[in-house]
Amino acid sequence: MTRLLVVDDEPEICDFLKSFFEDRDFDVQTALSGERALELVETFKPQVMLLDIKMGSVDGISVLRKVKEKNPKTKVIMVTALETTEKIEEAMRLGADNYITKPLSLEYLENDVREKIASLASKA
Amino acid sequence: MAPFIWILLTTAFITLLYQPVNQAYTWLFKHIFFPRRSHTLSALNRLTQELAQTSDLTELANLLVNTMGEVLRLKTVSLLVKEPQGEGYTVVSAWGWRVTDYRKIRFLPGSPLLELVKAAGPQILLREKMMKSLSWQEANQLTKDFDELHAACVIPLWVKSELVGSLNLLPLNSDQRLSEGDFRFFRDFAQTISPSVRNVFLIQQLKLANDELRDMQSQLLQSAKLTAIEQLASGIAHEIHNPLTIISGKAQVLLLQRDRKAFDEKVEEVLKTIVRETRRAADITKRLLMFSKTSASPHEKIRLENILEDTLSLIAYQTSLEGTEIQRLVAEDLPDFFGNVQELREVFFNLILNALQATGPGGKIQVGISFQKPDHVFVIQVADNGPGIPAENLARVFNPFFTTRPEGIGLGLFVIQQIVHRYGGSIRVESEPREGTLFVAQIPLAAPSPENASGISETAGLSEELFSKTKEGWS
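Chains as they are written, first to last, in this note's numbering: chain A, 201 to 324; chain B, 40 to 514.
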């Protein structure tokens, strides 16, 4: 099973993403904060991460930076609401693998996640 | 005894009669022997008092030249005054020559007359005298200056070391010579009135500075108002975006559930509507944010004609509903434009929407894109055959929050202007009542800057998808 970590400070968003991907046989964990996300990166070792750019104390960009430092193999898809293109560019420079804008198209997101997994498998 | 009494009586007689006799003598002197001189002096005295109480430059100048002209029986008098901004001097008022002429008379530093006046200090300059001491060329130039002022005599007005202006006059008879007494009189007179002229000049300068400050203040207020709107828009957009994501996400979870037997067709239709409508709402919040966005966005190579087509298909539904005729006039050899897609879309969209709203059902709109090769400028024109913009509103159409539509927020044209200015271009409006309105935006072809050239385009995610979806839905 593919391990997927959903990071968003909005519990309802984590909730529907979890049920959507669990319905598709993913192993899903959620984190409501950047701190919790970094803990889970250590313990849960996700293969793919859905990471909200804008969060409270530790924002998506700094989580991304740490994840890519520690485990560059983890695929990170940034989730953005209305962030400026500069923010998105910064995330892409820091090694984000893609970004998707809210409101989410779950079909598009699923395809993208599967694509990332496929690229992981082909490299392995 | 007798002589003593006589002396006493005489002294008393003289003492008693001195005052009335003196008065009578003065009266006779004033009114019979030198009536003009006395009248002149009292009139000029009154004039200096009145000048000191005047705060308006034109009023002061008119009063001064008219009184002088009349009282001193001159052929011409004019008042040259330092301009409140800059180093030049302008004729503010004149007596004896046509009113329309003097408004244009200006002397800039370096003009022969002005330099001579400055060099001469408080001395009065006489045309005839000056000419004798100059070379033929210099005299020629100076003649022009004197001719412009219609004057033969220039009386400088100094306050300490500052030349505030000059009185320029021509006596009634050209051969009338000014006596030494006249010179003394004019020098004194100039000294008396110079402070009044300078005060009025300073007041004018203050007025201008005040106007400038007031303009600046209103600009600041407007930008503060705009910042508030921007913050509000961005806040609303963010706040609404998350709930929309949740509503749409949960509906999609149900809709895309693998075990689909759980609900019937009707539920599926409802869920699809929820997803579609939340996307529409999200699109509105994005648009709201776009209106408020002022930060620089990535630039890329774009084709303006494609942007025009995108925009037209976006409003195709509305135009077909209203039977609007849209004519495209796109030049064939347009070069690539380097800019931000969203911003250019905004320009076209707002201009065309504006025209659509102006014409109403059955209107005609022309949209033109051309390129001026010599200046490397793109020209975007949008014309409509609507009712036109009233002259009193024409200057305000680009002001933020100016709108004549009750449901409008008055940001459309303002945003366009901001965008066009950001590209170093300009936008103007021409309108004839009952004829229609024409907007002309001119945007220079800019060279791609290296930091922008590598900007990623927003093709992933939902934004592009949304745009095309809306397109499909409307066309």
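Heads up, the beta-carbon is just placed ideally off N, CA and C, and yes, glycines get one too.
Quick one: using the 10 Å Cβ neighbour count with 16 as the cut-off for buried, is residue i buried or exposed?
i	result
ILE482/B	buried
ILE354/B	buried
LEU48/B	exposed
GLU385/B	buried
ASN393/B	buried
ASP298/B	exposed
TRP134/B	buried
ARG223/B	exposed
TYR356/B	exposed
GLY37/B	Any property of residue 37/B remains undetermined from this structure, which presents chain B solely from 40 to 514.
LYS340/B	exposed
LEU245/B	exposed
ILE194/B	buried
ARG435/B	exposed
GLU431/B	exposed
LEU259/B	exposed
ILE44/B	exposed
PHE437/B	buried
THR476/B	buried
THR301/A	buried
Against chain B, does residue i count as a neighbour if the rule is that its beta carbon must be under 8 Å from one of theirs?
i	result
SER219/A	yes
ASP223/A	yes
GLY260/A	no
PHE216/A	yes
VAL207/A	no
At least one CB of chain A closer than 8 Å to the CB of residue i: is that the case?
i	result
LEU295/B	yes
ALA520/B	Nothing can be reported for residue 520/B, as the shown portion of chain B is limited to 40 through 514.
THR333/B	Low local confidence applies: a pLDDT of 48 at THR333/B is under 50, so the model's placement there is unreliable, and no value is given.
ILE285/B	yes
What does residue i touch in chain B if you count any residue whose Cβ is under 9 Å from its own?
i	result
PHE226/A	By Cβ distance, chain B contributes nothing, its closest Cβ being about 13 Å from PHE226/A, past 9 Å.
Short of 8 Å in beta carbon distance, which residues of its chain neighbour residue i, apart from the five on each side in sequence? Order them along the chain.
i	result
LYS287/A	ILE253, ILE261, THR280
GLU126/B	LEU147, PRO148
ASN298/A	ILE277, MET278, ASP312, LYS316
GLU290/A	ILE261
Name the chain A residues whose beta carbon is nearer than 9 Å to that of residue i?
i	result
ARG318/B	PRO303, SER305
Against residue i, what residues of chain A qualify as contacts under a CB-to-CB distance less than 8 Å, listed in chain order?
i	result
ASN281/B	GLU210, ILE213, ALA281, LYS302
VAL292/B	PHE216, SER219, PHE220, ASP223, LEU306
ALA321/B	LYS302, PRO303
Output needed for residue i: all residues of its chain with C-beta closer than 7 Å, excluding positions within five of it in sequence on either side, in chain order.
i	result
GLY362/B	PRO400, GLY401
GLN261/B	PRO439
ALA290/B	LEU310, ILE313, VAL314
SER94/B	VAL239, ILE242
LYS245/A	ARG203
GLN520/B	For residue 520/B there is no data in the structure shown, the boundaries of chain B being 40 and 514.
TRP136/B	THR115, HIS189
MET255/A	ASP209, SER233, GLY234
Thinking residue i and residue j are a contact (beta carbons under 8 Å), I'd like their distance in whole angstroms, please.
i	j	result
ASP227/A	ILE277/A	Actually they are not in contact, since the Cβ atoms of ASP227/A and ILE277/A sit about 17 Å apart, beyond 8 Å.
LEU113/B	MET107/B	7 Å
ASN389/B	ILE455/B	5 Å
LEU373/B	ILE408/B	6 Å
LEU206/B	LEU90/B	That pair is no contact at about 12 Å.
LEU173/B	LEU152/B	About 12 Å separates the two Cβ atoms, so there is no contact after all.
LEU433/B	SER465/B	Incorrect: roughly 16 Å between the Cβ atoms, too far for contact.
LEU295/B	LEU306/A	6 Å
If we define contact as Cβ-Cβ less than 8 Å, is residue i a contact residue for chain D?
i	result
ASN298/A	Although the question refers to chain D, the structure presented lacks it and instead comprises the protein chains A and B.
Name the chain A residues whose beta carbon is nearer than 7 Å to that of residue i?
i	result
LYS121/B	Going along chain A, no residue has its Cβ under 7 Å from LYS121/B, so there is no contact; the nearest lies around 51 Å.
LYS289/B	PHE216
In chain order, what residues of the same chain have a beta carbon less than 6 Å from the beta carbon of residue i, not counting five sequence neighbours either side?
i	result
ARG367/B	VAL406
THR202/A	PHE226, GLN247, ILE317
LEU383/B	ILE346
LEU283/B	THR317, ALA320, ALA321
THR231/B	THR87
VAL236/B	LEU196, VAL203, GLY204
ARG145/B	GLY127, THR129
LEU247/B	PRO123
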